[in-house]
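Here the structure is laid out as structure tokens; the discussion comes afterwards.
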Amino acid sequence: MMNSWQLWRSVLVKDLRIAARRRSDALNPLLFLLMVVTLFPLGIGPGPDILARIAPGIIWVAALLATLLGLDRLFKDDYNDGSLEQLCLLPQPLAFTLTAKVAAHWLLSGLPLVILSPVLALLLNLPLDAWWALALTLLLGTPALSALGAIGAALTLQLQRGGSLVSLILLPLFIPLLIFATSAVENAGMGLAVQGQLAILAAISVLTVTLAPLAMAAAVRMSMN
Amino acid sequence: MTQSTNTAMPLLHADRVSSIRSGRVLFSQLQLAVQAGEIWQISGANGAGKSTLLRMLAGLLVPNEGEVRFNGQPLHRVRDDYHQQLLYIGHKAAVKPELSALENVFWQRRLGGDTTATAEQAQDWDVLEQLGLLGLEEEMTGRLSAGQQRRVALTRLWCSTASLWILDEPFTSLDVDGIALLQQRFLQHLSRGGSIVMTSHQPLTDTQLPLQQLTLNSARAEVLL
Amino acid sequence: MAFDSFQEFVQMGGYGFYVWLSFFLTFLVIAGVALDALIGRRRLQRQSRTLQRRRQRLSKRQQRQSSPVEESKR
Amino acid sequence: MWRWLHPYAKPEATYRLVDKLLPWFAALTAVSLLVGMVWGLAFAPSDYQQGDSYRIIYIHVPSAIFSMGAYFGMAVMGVIALVWQIKTAEWSIPAIAPVGAAMTAIALFTGAIWGKPMWGTWWVWDARLTSELILLFLYVGVMALYYAFDDQRTGAKAAAILAIVGVVNLPIIHYSVEWWNTLHQGATITKFERPSIATSMLWPLLISLLGFMLLTISLVMMRFKNELLRHELHRPWAQRVLGTAEESH
């Protein structure tokens with residue numbers, strides 16, 4: 697019999713392969729993020745001081761919104777073509793299998809954000825001391841975004857137009873991440889310690905990534921109705 | 008509405024199951040006992056609850072009343088064992104349009120629990136050849152015709168080791184040859200002691216199949232809301 | 012008693028507007044929730060009656076279908 | 128004719144129980160709220176710093192506490208519904224959510240009204256007000272999710288899952304907002320948390336707390352009765368209760 701780990705890997709590989717063949721789906725949220733970040737200097741004025749001050753907030757809020765955009769493709773296609781019900785019918789635990797899909801989502805939405813962060817920092821005139829903190833907060837925080845987002849996506853599977861509802865139920869849950877991440881970046885810019893915030897972010901991510909699959913599995917089974 | 012009181016313990020037993028969907032009683036107190044080596048055709052008008060019954064048998068839906076038993080044990084208690092023995096192909100056939108036919112076959116085999124799987128295997132080619140898909144194996148499945156896509160989905164019947172097949176409208180969009188091929192495969196499966204529960208609007212043409220019928224009678228359905 | 016006269020009680024040491032506004036709004040919200048529950052019950056009653064009528068129509072039809080002899084007599 | 132539907136279902140027993148208890152709870156609510164409010168408004172002494180404006184505390188604090196309490200209760204019901212598959216627990220969630228949201232709304236606007244004379248502005252990003260605002264969003268999410276489903280059973284199950292996810296997050300949100308508040312405002316006077324409160328002010332507050340607890344429970348019971356009837360509308364007992372049952376059947 698196939699063990700859970702083998703199944704996990706093949707789900708991940710399959711999802712990445714499908715994403716590779718539909719590149720625009722993965723790219724659009726990133727382009728959206730880039731454009732939102734561009735809009736702020738245009739709306740507020742290009743003064744470097746004020747931009748640097750609000751940069752962490754802007755980048756993180758834009759990252760939250762970009763995550764929401766990409767959630768649609770997380771389970772919906774698999775739900776519509778019947779793959780998801782096949783995953784429910786496997787002897788391997790569903791909660792664990794679903795983490796493979798979350799991992800694929802993170803590799804396609806969270807990781808590119810981390811890679812893109814120097815560019816964003818540059819655009820918003822973030823001091824050099826702060827951009828590595830920004831990259832670290834994104835690296836530590838985005839797994840939690842993907843995992844929480846997956847709960848929202850799974851809960852709204854049955855609904856035809858779940859998009860705005862997903863934002864409604866998820867954004868309040870994102871708030872702690874936003875608070876600790878932006879504060880870490882701010883502190884780093886002022887040359888203060890950031891270990892505390894980063895530790896909390898890591899703790900939130902670990903907690904979310906371990907607990908969220910249970911809620912996801914319950915939501916997916918509920919959607920089989 | 009009730010049939011078959013065999014003395015031997017049935018492989019799969021739906022014991023007085025009822026379904027209430029969006030305020031209507033689709034069926035109630037329904038009895039179905041499937042023995043090893045039997046093939047059952049569930050028939051009934053549109054909306055009579057055929058797919059619902061199959062999903063209940065597969066364990067995707069919990070009956071509103073009654074219970075489904077596998078080897079005498081309630082499904083939720085023997086879920087993993089049951090799912091190893093089960094192959095369910097629903098209305099939506101879990102074929103990924105972004106993957107090639109060969110990749111889909113590989114993925115289907117993985118879902119079937121095959122561990123030895125590497126990307127390309129001789130047996131995959133055999134199966135594709137039998138189903139008349141040779142020469143299309145590198146084509147994206149989304150670009151194939153509906154009947155060809157169905158054939159890709161049905162390759163699972165050739166790869167799986169499951170003893171119980173639950174098939175929702177397997178003949179949909181297949182041509183005459185395809186239907187004949189599938190019925191041959193049914194005979195093979197039955198001769199090995201396997202069992203099949205299926206729905207179909209078409210009458211099965213192969214007279215050798217020891218077909219048993221269960222008709223869902225929607226005229227008796229109660230309107231609740 | 013913290014106030015000497017009713018007038019003073021209403022004025023709340025100059026904060027009367029704020030205090031009474033919050034009490035009034037609170038009352039309004041609670042009354043709204045309670046009223047909504049009562050209206051909900053009315054709605055359920057209406058739904059139940061519709062349901063009964065539908066069931067009657069259906070059982071009549073079924074009787075007619077099951078006894079065609081009576082049908083022809085009429 | 129209805130033989131396949133449980134002859135005596137659990138929801139009916141639940142309904143009878145709630146129906147029997149509700150008048151008692153309602154009466155106790157009325158008494159304790161009346162005592163608490165009259166005592167708080169007329170008899171408790173005036174605060175030496177805030178004058179009589181502090182009397183808003185007698186609704187602000189209880190409603191804030193039970194807005195959280197109701198959410199917690201909703202999550203407990205969600206766990207019961209999902210773990211033991213008890214449908215009446217499932218149906219209680221749409222009964223609790225609007226009441227909790229109403230409590231949250233009360234806590235929010237009483238806080239804002241209190242802020243106006245104290246701070247000169249209707250809205251301050253105070254830790255508790257911000258937490259209440261986020262709590263309101265959480266309630267709105269649960270209710271929106273429930274009403275988005277055509278099938279109420281699925282909707283209730285989805286709401287149950289979301290309520291549980293929310294309650295796990297609630298302490299984290301609460302802590303992070305408090306931390307954020309101290310970070311950005313420094314050690315300013317927090318207007319709601321007084322270091323100590325005089326006993327003469329505390330007693331009416333405790334009675335108001337009791338009153339709001341009973342009020343929350345009574346309102347939930349009222350809505351819960353409706354939810355039970357709504358899901359059981361096709362059963363004879365619900366029709367008898369609603370007075371729409373027919374004689375011949």
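Protein chains in written order, with our numbering: chain H, 697 to 921; chain P, 8 to 232; chain V, 12 to 85; chain L, 128 to 376.
Ideal Cβ placement from N, Cα and C applies to all residues, glycine included.
{"Item": "Buried or exposed (CB count within 10 angstroms, at least 16 for buried), residue 180 of chain P", "Value": "exposed"}
{"Item": "DSSP state of residue 317 of chain L mapped onto helix, strand, coil", "Value": "Confidence is the limiting factor: at residue 317 of chain L the pLDDT is only 48, short of 50, which leaves the residue's position unreliable, though a coordinate-based value still follows. Coil."}
{"Item": "Per-residue burial, residue 19 of chain V [other beta carbons within 10 Å of its own, 16 or more giving buried]", "Value": "exposed"}
{"Item": "For residue 806 of chain H, the nearest candidate out of H/907, H/840, H/750 and H/918 (CA to CA)", "Value": "H/840"}
{"Item": "Residue 72 of chain P: first and last residue of the uninterrupted beta strand (DSSP E) it sits in", "Value": "72-77"}
{"Item": "Any beta strand (DSSP E) of 3 or more consecutive residues that is wholly inside the region 768-850 of chain H", "Value": "none"}
{"Item": "Any 3 or more C-beta pairs closer than 8 Å across the region 80-88 of chain P and the region 41-48 of chain P", "Value": "no"}
{"Item": "CB of residue 56 of chain P within 8 Å of CB of residue 26 of chain P, strictly", "Value": "yes"}
{"Item": "Own chain partners of residue 726 of chain H with C-beta closer than 6 Å, once the 5 adjacent residues on each side are dropped", "Value": "808"}
{"Item": "Residues bridged to residue 118 of chain L (per DSSP)", "Value": "The requested residue 118 of chain L is not part of the displayed model; chain L covers only 128 to 376."}
{"Item": "Three-state secondary structure assigned by DSSP to residue 38 of chain V", "Value": "helix"}
{"Item": "Cβ neighbours of residue 88 of chain P in the same chain (closer than 6 Å, five flanking residues each side left out)", "Value": "none"}
{"Item": "Residue-level contact to chain H via CB, residue 83 of chain P, 8 Å cutoff", "Value": "no"}
{"Item": "C-beta contact flag for residue 209 of chain L and residue 348 of chain L at 8 Å", "Value": "no"}
{"Item": "Residue 210 of chain P in three-state terms, based on DSSP", "Value": "coil"}
{"Item": "CB contact below 8 Å: residue 155 of chain P versus chain H", "Value": "no"}
{"Item": "Sequence ranges, alpha helix (DSSP H) only - wholly within the region 163-217 of chain P, length at least 4", "Value": "183-198"}
{"Item": "Contacts around residue 718 of chain H, its chain only, beta-carbon distance under 7 Å, and the 5 residues preceding and following it disregarded", "Value": "none"}
{"Item": "Residue 94 of chain P, DSSP secondary structure in three states", "Value": "strand"}
{"Item": "Of the listed residues H/803, H/778, H/784 and H/859, nearest to residue 104 of chain P (C-alpha basis)", "Value": "H/778"}
{"Item": "Rounded separation between residue 118 of chain P and residue 159 of chain P - CA only", "Value": "14 Å"}
{"Item": "Classification of residue 268 of chain L by the beta-carbon crowding that lies within 10 angstroms, buried from 16 upward", "Value": "buried"}
{"Item": "With 16 other Cβ atoms within 10 Å as the buried cut-off, status of residue 145 of chain L", "Value": "buried"}
{"Item": "Alpha-carbon to alpha-carbon, residue 180 of chain L and residue 141 of chain V", "Value": "This structure does not reach residue 141 of chain V, given that chain V is present from 12 up to 85, and the question cannot be answered."}
{"Item": "Any chain H beta carbon closer than 8 Å to residue 99 of chain P", "Value": "yes"}
{"Item": "Test: residue 90 of chain P CB closer than 8 Å to a CB of chain H", "Value": "yes"}
{"Item": "Contact between the region 209-217 of chain P and the region 51-67 of chain P (3+ Cβ pairs under 8 Å)", "Value": "no"}
{"Item": "Per-residue contacts from residue 105 of chain P into chain H (C-beta, under 7 Å)", "Value": "714, 717 and 718"}
{"Item": "Secondary structure of residue 104 of chain P, DSSP reduced to three states", "Value": "coil"}
{"Item": "Spatially closest choice to residue 369 of chain L from V/52, V/75 and V/67, by CA coordinates", "Value": "V/52"}
{"Item": "Interface residues of chain P facing residue 920 of chain H [CB-CB closer than 9 Å]", "Value": "62, 67 and 68"}
{"Item": "Chain C within 8 Å of residue 368 of chain L, Cβ atoms only", "Value": "Within the model displayed, chain C is absent; protein chains H, P, V and L are what it includes."}
{"Item": "Check whether residue 233 of chain L and residue 261 of chain L have beta carbons under 8 Å apart", "Value": "no"}
{"Item": "Selection of the region 226-255 of chain L by Cβ proximity to chain V, strictly under 8 Å", "Value": "226, 229, 232, 233, 236, 237, 240, 241, 243 and 244"}
{"Item": "Closer than 8 Å to chain V by CB, residue 361 of chain L", "Value": "yes"}
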